[in-house]
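Below is one structure, written out as C-alpha cells; the observations come after it.
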Amino acid sequence: VGYQARSTLGRRLVEGEKYVRVAGEEVAVKAKIHTINGFSAHADRRDLLAWARQFRTDPLFFITHGEQGSSLALAKTFEENGIRSFIPEEGGEYSLVGKKETALPSISGIQASSVPREVQTGRAIDAVLGDIVTLAAELKEDGSSVPQEEALNLALSARTLLKTLKRRGADD
Numbered sequence: 006v007g008y009q010a011r012s013t014l015g016r017r018l019v020e021g022e023k024y025v026r027v028a029g030e031e032v033a034v035k036a037k038i039h040t041i042n043g044f045s046a047h048a049d050r051r052d053l054l055a056w057a058r059q060f061r062t063d064p065l066f067f068i069t070h071g072e073q074g075s076s077l078a079l080a081k082t083f084e085e086n087g088i089r090s091f092i093p094e095e096g097g098e099y100s101l102v103g104k105k106e107t108a109l110p111s112i113s114g115i116q117a118s119s120v121p122r123e124v125q126t127g128r129a130i131d132a133v134l135g136d137i138v139t140l141a142a143e144l145k146e147d148g149s150s151v152p153q154e155e156a157l158n159l160a161l162s163a164r165t166l167l168k169t170l171k172r173r174g175a176d177d
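Residues 6 to 177, numbered by our numbering, are exactly what the sequence shown covers, in order.
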C-alpha cells in the first residue's frame with residue numbers, strides 16, 4: 006500500500022493492528038501489509054480517464070471514492086468519453102455475478118445533446134417519473150425475457166432508488 010491517512014483503517018493496518026472492526030464486526034487481520042513509499046495511489050481525472058480508456062471489454066466502473074461533487078464530475082467525464090460508470094448509493098447492495106453484468110442506472114452527468122426537452126425546461130423529474138410508470142406498466146403487462154432472478158434484482162434496485170428519492174425529498 007501507499008500512504009494511509011491518520012485515523013483510517015488503512016493506517017491502523019499499516020501500523021500492525023492484529024484486529025480491526027469492519028461493518029461492526031471484530032475481524033482478525035491475516036494479511037501481510039507492505040508499504041511502498043514514494044509512490045502515490047492517487048490519480049487525477051486525466052490519469053483515471055487514460056487508465057479507463059485502456060479497457061477493451063466495455064466495463065462498468067463503480068465510482069466509490071471522493072466527495073460527491075468529485076465523483077459526479079468524474080462520472081460525467083467518463084460518460085462524455087463513452088466510458089460507462091456508476092456511483093453506488095451509500096449502503097446499497099449490488100450483485101456482481103461471474104462475467105454477466107446486470108445493467109445499473111447511471112446517476113452521472115448527461116451530455117446536453119442527450120437531455121430530453123422536458124429536462125431542459127425544468128420538468129425533469131415529472132418526465133422521468135412518467136417514464137418509470139409507463140415502463141412498470143409495460144413490464145407488468147408483457148413480462149420480461151430477462152431471467153426472473155435478474156429481473157427481481159433490477160426491480161428491487163429501482164425501488165430502492167425511488168425510496169431514496171422520496172426520503173431525500175421529505176428531508177428538504
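In this text, a Cβ means the ideal position worked out from N, Cα and C, and glycines have one as well.
>> One question on the structure: do residue 91 and residue 65 come within less than 7 Å of each other, judged by their Cβ atoms?
In response: yes
> What are the boundary residues of the beta strand (DSSP E) that includes residue 31?
Replying inline: 30-33
> Which residues in the same chain as residue 93 place their Cβ atom closer than 7 Å to its Cβ, once the five residues preceding and following it in sequence are excluded?
Replying inline: 67, 69, 99
> Which residues in the same chain have their Cβ closer than 8 Å to the Cβ of residue 16, if we skip the five residues on either side of it in sequence?
Replying inline: 9, 10
> Start and end of the beta strand (DSSP E) containing residue 26?
Replying inline: 24-27
>> Quick check: what's the CA-CA separation for residue 138 versus residue 12?
In response: 46 Å
> Would you call the CB atoms of residue 24 and residue 30 closer than 7 Å?
Replying inline: no
>> Which of the three DSSP states is assigned to residue 67 in this structure?
In response: strand
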